[in-house]
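Under the working numbering, read the sequence shown as residues -3 to 283, first letter to last.
Some notes on the structure that comes next.
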Amino acid sequence: MKGALLFNKYYTDEGQDYVQARLTECFSKRGVCLHSPVVYAQFGGAPKLPEIDFVIFWDKDVVLAKCLEQSGVRVFNNSFALEHCDDKSKTYVLLSQAHIPLIPTVFAPLKYAAAAPCADKNLLSLVENAFGYPLIVKQNIGSLGKQVSLIKTRAQLETAHKRLLYIPHQYQKLIGKRGEDIRVYTVGGKAIAAFKRTNTASFTANAATGGKTEITALTESLKHLSETAAKALRLDFGAIDFLEENGQYYFLEANSNAYFKAAEAAGIEIADKIVNHIILSVNSPSG
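Given below as structure tokens:
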């Protein structure tokens, strides 16, 4: 068995370093060597792709993932999961069909180039009246909590709208406690463990903005919701994030490339379960 671990060639950080070290270690214990080739999406008689049995795809390049799949390579996570996790609008469309509680959200209409940028006052009034202040504005595609803003006034709302006029984005009601969410890791469609993430320095709980992680109870409700979401998104492994308000969990987002250093530091094995799932899947007669 020959496998590869692919990251985005233009980005690296400590989280990726940890993922690479742990997955390489766990595969090595099973006699599998992970390679790290530089691979490009190639069609129409381009040079052949490397001969590999599977790819752990720690990237968001959906076209490349589909190219690998068409060449007969098993990709984890698969292109469907990557595409529907990375674009929050696609995530919400899919999970609304799975009857998962969603945060009240308005997606901004797609706007093309115009002679002069101008705010959609009807949209902003709808958002303002529905959600009140403060509220959340975020880009549909983004990572590590870096494309999310807390909006406190109409003036800030108009400024954010103009800044994102030609970028797919959304407006959300602010629910739950600021700087706090719950992350559930899943592998093979099964919930492994739940973690509460808290951040006293930001309204987002992401580790990239200073969030801290601690184990919390994996309730039957959290287990059901996270497994339902993971199966709908066809995730081989990843994390499902929730906000909690008045005893109700609301889906926040899904992560196909969720880092797990903090989770393993808390004593929960993630890497080994991912490796077991991949090996069993590749060796399965059904493929």
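Ideal Cβ positions, reconstructed from N, Cα and C, are used throughout, including at glycine.
Asked, Found
"Do Gln135 and Ile163 come within 7 Å of each other at the CB atom, strictly closer than that value?", "yes"
"Look at Ala190 and Leu229 and say whether their C-beta atoms are less than 7 Å apart.", "no"
"In terms of residue numbering, what span does the beta strand (DSSP E) encompassing Arg70 cover?", "70 to 72"
"So Ser252 is in the beta strand (DSSP E); what residue range does that whole segment cover?", "Element bounds for Ser252: n/a, residue is neither H nor E."
"Can the beta-carbon of Leu30 be found closer than 7 Å to that of Val51?", "no"
"Report yes if the C-beta distance between Asn251 and Ala267 is below 7 Å; otherwise report no.", "no"
"Which one or two residues does DSSP pair with Tyr129 in a beta bridge?", "Paired residue(s): none; Tyr129 is not in a bridge."
"Helix, strand or coil for Asp268? Go by DSSP, reduced to three states.", "helix"
"Leu91 to Thr20, Cα distance in whole Å?", "33 Å"
"For Pro100, collect the residues of the same chain with a Cβ closer than 6 Å to its Cβ; drop the 5 residues on either side in sequence, then sort them by chain order.", "Lys169"
"Can you list, in chain order, the stretches of the beta strand (DSSP E) that have 3 or more residues and sit fully within the region 85 to 127?", "101 to 103"
"Hey, would you say Val28 sits closer than 7 Å to Met(-3), going by beta carbons?", "yes"
"Are Thr212 and Lys186 closer than 7 Å when you measure CB to CB?", "no"
"Which same chain residues end up closer than 8 Å to Ile48 when comparing Cβ atoms and leaving out the 5 residues on each side of it in sequence?", "Lys(-2), Gly(-1), Ala0, His31, Pro33, Val69"
"Which first and last residues belong to the alpha helix (DSSP H) in which Asp13 is found?", "10 to 25"
"Phe103 and Gln166 - do their beta-carbons sit closer together than 7 Å?", "yes"
"Where does Leu106 land, buried or exposed, given buried means 16+ other C-beta within 10 angstroms?", "exposed"
"State buried or exposed for Ala225, treating a residue as buried only when at least 16 other CB atoms are found within 10 Å of its CB.", "buried"
"How is the beta strand (DSSP E) around Glu210 delimited, first residue to last?", "208 to 212"
"How should Cys22 be labelled, buried or exposed, when 16 other C-beta atoms within 10 angstroms of its C-beta is the threshold for buried?", "buried"
"Which same chain residues end up closer than 7 Å to Leu98 when comparing Cβ atoms and leaving out the 5 residues on each side of it in sequence?", "Tyr88, Leu91, Ser92, Tyr246, Phe247"
"Runs of 4 residues minimum, wholly inside the region 132 to 202: which ones carry the alpha helix (DSSP H) assignment?", "150 to 159"
"Measure the alpha-carbon distance for Ser145 versus Ile132 and round it to whole angstroms.", "6 Å"
"For His157, count neighbouring C-beta atoms within 10 Å of its own C-beta (all shown protein chains included) and say buried if the count is 16 or more, exposed if not.", "buried"
"Given a cut-off of 7 Å, decide if Ile137 and Leu221 are closer than it, judged by their beta-carbon atoms.", "no"
"Using three-state DSSP, classify Leu276 as helix, strand or coil.", "helix"
"Looking only at C-alpha atoms, which of Glu10, Cys114, Leu2, Asn4 sits nearest to Lys257?", "Glu10"
"Measuring alpha carbon to alpha carbon, tell me which residue in Tyr7, Ile171, Gly243, Lys269 is nearest Tyr181.", "Lys269"
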